[in-house]
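Structure first, commentary second.
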Amino acid sequence: MTYVAIFMAWPYANGPLHLGHVAGNCLPADIQYRYERARGRRVLMCSGSDEHGTPITLTADQMGVEPQFVVDKYHEINTQALADLGCSWVNPIDPRGPEYGGALYNRTSDELHKEMVKEIFLQLLETGFLEKKTMQQYCSLGKDGSMRFLPDRYVEGECPSCKSDGARGDQCDSCGSTYEAHELVNPKSKLDPDSIIEVRDTDHYFLRLGDFQESLEKHATERQNIWKPNVKAMTKNWLDMGLRSRAVTRDIEWGIEIPLEGEEWASKRVYVWFEAVQGYLTCAKIWAKRYASTAGHPLGEEAWTNWWKVSDDKYSARHLYFMGKDNIPFHTIIWPAILMGLNASRKNEVSNSSSSGKLILEDNVCANEYLMLQGGQFSKSRKHAVWLPSYLERYDADALRYYLSINMPETHDTDFRWEEYVDRVNNELIGTYGNFVHRVMTLTHRIESKGENPLKDFDNISNHANNIIQINDLIESAISSMEKQRFKEALRSIMGIAQIGNSVLQEAAPWKYINQPESAEKSESLSSLALSWRICSCLAVCLRPFIPFSSDKLWAMMGNENDIDLVLWEDSMETISELSWNDESPKPLFNRLDLEVILETETSLSDAGEEGNGGKEDFRGDYIEFDDFMKVDMRTGKIISVDDHPNADKLFVITIDEGGDSTRSVCAGLKGHYEASELEGLNVVFVANLEPRKLRGVISEGMILAADDGMGGVKVLTTEGEINSGSRVR
C-alpha cells in the first residue's frame, strides 16, 4: 500500500480567492489528490484558511471591522468557491473508508490548531532551537505622542536589493529578498503615509535557522532530482547566503498567544510564517481526531501517523506540497527546519533522520511560477484579479479547470487572457474532446437499442489491437507525467487519446452505415464505433482529475453502473465487460463560449488597478484628454422592459425609454446580479453614442453603466430620484 500526503499552501482569508491562487496551488493540489486516488493510493490532503497575521489586520483596519469578521467572511466565501470549482475538500473521509484518508480544509483560528502550535513552540524552546533576542521594529509616532509598532505589511518602501518600490517591511515580492527592518529604504506606513516612522528595539524569540544549515544543505542535495529548477535555485540562494535566526514572535494583537508568563509577552503573538506551515501537521492531527477516529479508523486519533511518521517498513508516506513560487523558502528551509527540530531527541541536536517514528520531510515542493492577468500580476490588495467566486457565478468550472491546467505556470509565468481562454476551450476541450464524445453518443443512439447497447454485437476488440496499444501507451505516458507533477504534459497525453478517437471515428464513418443492410463494411465501421464508446469511458476516468463535473456527467450518460470514483487509471481502457447503456438521449457536455459576450461582461478587467498605489487603483499613465472624455454622450433613461437574451445565458435584452417617445435596446450582462423585475422601472445611466453592434444575434444600441467591485458584486448606476429620460450626464 502507498500513502501520499498532499499539502496546499494556506491562502490568507483576507479576500476572495483569485485565479492566480487557483493556478498556483488550489487546482494542482486537487488534480494530484484525484490522481493519487485514481491509482488506488491512500491519500490525505490538508490545507485551510490562514487567518492570522498582518494581511488580516490590514484588511480589517481598512474595512473598519474586527479581524474575526474578516476571516469568518472570507473563509466561508473561499470554502464555497473551492467546492464550486470541484475541489475535493467536501469529503473529509475517503468514500473507500477512513483507512484511505480524506481531505480537510481547516482554519488557523481553530482552537486545536492554536494549542498544537503552542506545544510546538514550547518543544522547540525546550530543545534550544528558540532564543530570545532584541530586534529593531518599525513604529509609527502619532501627533499625540502615541507609538504603535508596525508589522511588515504595514510598511512599504524601496527594496535594498533590487530597488523596487512597494517592497514590504521584511520581504520584497519582486526579487524574493528578505532583510531586517532598518534596511528598507524610505519606509512609509500604509495606514498613514504622512506619519513619522522610527525603528525601535523590541524583544522577541527567534528560530535558530543557522543550527540547521548543514542538515538542510544535505536535504536539498537529496532532492536535486525531484525539485523543479525554481525550487532548487531559490533554496540554494538562501543556503548560500547563510541562514540567520528568524523571529517567531511579533508585536501584534491578532494571532496565537505566546505560551509564556510575563507582561512583556501579553501584547505579542506567534509570527504567522512560523505558525501557518505547522498547519500541515496540525490539520492532519485534527482530521484524525474529528473525522478518522469517529469513522472507525483502527488507529483512532493516531490515524495521522500513517501519513506523518516514518514507518518501520517500506510504506512511509510521500509528501507533496503545492504553492506559488513566493512560498518556496518557507517549505524548503523553514518548515523542514521546524520538523528537524521536532525530530530532535536531545537538546540542540539537529536531526533529519529517516528512522522509524520521526516526522517525514517533504518529497517534492511543487512550486508554480505566476499566472499573470493580461500582462500584470494578480494582486488581492491592488484588486487586479479575476475573482474565483465571481467567475463561477458566470462560467463553467470545468472550462476554467481545463484552461488553467493546460496553461498552468509550471516552469514559467503564463498569462490569463479571455481571448485565449475562449480559443482553447472552444477548439480543444469542446472541439477535440466534447465533439468526439457527442458524436459517439448521438451516433450510437441512432441505432435501435432494445434496452441495451446496440453496439453489443459489434464490439470486436481484436480488430483494434494497434489503437488499444496506442491508447495504453498514452495512459502510461500520462501516469509518468503525473508522478512528476507535470500536469500540462499529462493532460496533453490524455487529449491525445481523444485525438485517436476522432481519427478512428472519422476513418470508420459509421454514419454512412447505421441505416444500411448488414455487410462486412458495416460491421467493421460499427466495431470502430464500439471502440469509440470504450474510449469515451476511458477519457471520463483519465480526465476526471482535471474536469470532474463533465467526467461524472459523461459516466452517467453512458449508463455505467460502477462508481467512477473507484476506477483506476490503469483499468480505464477496459475491453472485457459488456458495453454500458443509458436510454436517455445524450446532451452536449459543454456549451461553446462567445468571446464577444464575455468581453462585454468582463470589460472592467481592462481597467483593474495595476501595481502600486497601496491597494488603490493606479491610473497614472492612463490619462485621457478632456476632449476625448467629452466625446462620450451619457444619458439617463428608464428601463421599461427586461427580457432574456434568446442566445446567451448571461445577458438580458433591456428596453430603455430614452425620452422624446423614443426607446432603444441594450444587451447587458446583469443576469445573476439582478432579477428582471428588480431592473424594471430603474432610472439608469447609459452611453448613447456607442456604435451599435450585434451580440449573439441581437443588436445592442448602447451600454448601461454599472460598478463592479471585482469580487462578484455588480450594481447599475442610478439617478438620485426621478429625472427626465434623455437628460445628459455631466
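Converting from the sequence shown to the numbering used here requires adding 585 to each position, the first position being numbered 1. Virtual Cβ for every residue (Gly too), placed ideally from N, Cα, C. In this text, all values refer to a predicted model and were calculated from it rather than measured experimentally.
- Here Cys951 carries a strand assignment [DSSP, helix/strand/coil].
- Following the DSSP letters along the chain, one finds Leu973 inside the alpha helix (DSSP H) bounded by residues 973-979.
- For Val1269, the enclosing beta strand (DSSP E) stretches over residues 1268-1272.
- In the DSSP assignment, the residues bridged to Leu792 are Leu715, Arg831.
- Remark: C-beta atoms of Met1158 and Ile1060 approach each other more closely than 8 Å.
- For the stretch 1075-1150, the continuous alpha helix (DSSP H) assignments of 4+ residues that do not extend past its boundaries occur at 1105-1128, 1133-1142, in sequence order.
- DSSP places Met630 within a strand segment (E or B) once states are collapsed to three.
- For Glu765 against Gly751, the beta-carbon gap comes to about 19 Å, at or over 8 Å, which does not count as contact.
- Non-local C-beta neighbours of Ser1066 in its own chain, meaning closer than 6 Å and more than five positions away in sequence, comprise Glu1074, Ala1075, ordered along the chain.
- Of the residues assessed, Gln653 falls on the exposed side of the cut-off, its CB having fewer than 16 other CB atoms within 10 angstroms.
- Within 10 angstroms of the beta-carbon of Leu715 lie 16 or more other beta-carbons, which makes it buried.
- By the 16-neighbour rule on beta-carbons within 10 angstroms, Phe1211 is exposed.
- Between Tyr588 and Ala902, the C-beta gap is smaller than 8 Å, which places the two residues in contact.
- Within a 10 Å sphere around the beta-carbon of Val1007 sit 16 or more other beta-carbons, which makes this residue buried.
- Within the model, the alpha-carbon separation for Tyr618 versus Val628 is close to 7 Å.
- Here Lys943 carries a coil assignment [DSSP, helix/strand/coil].
- CA-CA distance, Lys1223 to Ala1253, rounds to 15 Å.
- Take the alpha-carbon of Ile1132 and the one of Gly1266: they are about 42 Å apart.
- Measuring C-alpha to C-alpha distances from Leu1174 to each of Asp1137, Asp1168, Ser1165 identifies Asp1137 as the nearest.
- Contact annotation, Tyr659 with Pro601: C-beta distance approximately 7 Å; criterion of less than 8 Å satisfied.
- By the C-beta criterion, the stretch 680-694 is judged to be in contact with the stretch 631-641, since at least 3 inter-stretch pairs fall below 8 Å.
- In terms of CA proximity to His916, Leu866 leads the group Pro1095, Tyr790, Leu866.
- Per the coordinates, the alpha-carbon of Thr1017 lies some 26 Å from the alpha-carbon of Ala614.
- The alpha-carbon separation between Gln721 and Val833 amounts to approximately 14 Å.
- In summary, Val675 is exposed, with fewer than 16 beta-carbon neighbours lying within 10 Å of its beta-carbon over all protein chains present.
- The three-state secondary structure of Pro652, taken from DSSP, is helix.
- Distance between Tyr620 and Cys611, taken at the CA atoms: about 14 Å.
- Ranked by Cα distance from Cys747, the options Glu1103, Glu1013, Leu1184, Ser762 are led by Ser762.
- Secondary structure at Gln756: strand, using DSSP grouped into helix, strand and coil.
- Put simply, the backbone Cα of Leu905 is about 7 Å away from that of Cys951.
- Each residue's CA atom was taken as its position, placing Ile1056 and Ile1082 some 6 Å apart.
- Its chain contains Leu977, Ala982 as the residues whose beta carbon lies nearer than 7 Å to that of Asp669, once the 5 sequence neighbours on both sides are disregarded; these appear in chain order.
- Each of Ile1239, Val1217, Tyr685 was checked against the Cα of Thr890, and the nearest Cα belongs to Tyr685.
- According to the DSSP assignment, Phe907 belongs to the beta strand (DSSP E) that extends over 903-909.
- Within 10 angstroms of the beta-carbon of Leu1180 lie fewer than 16 other beta-carbons, which makes it exposed.
- The C-alpha of Ser1226 is placed about 15 Å away from the C-alpha of Asp1246.
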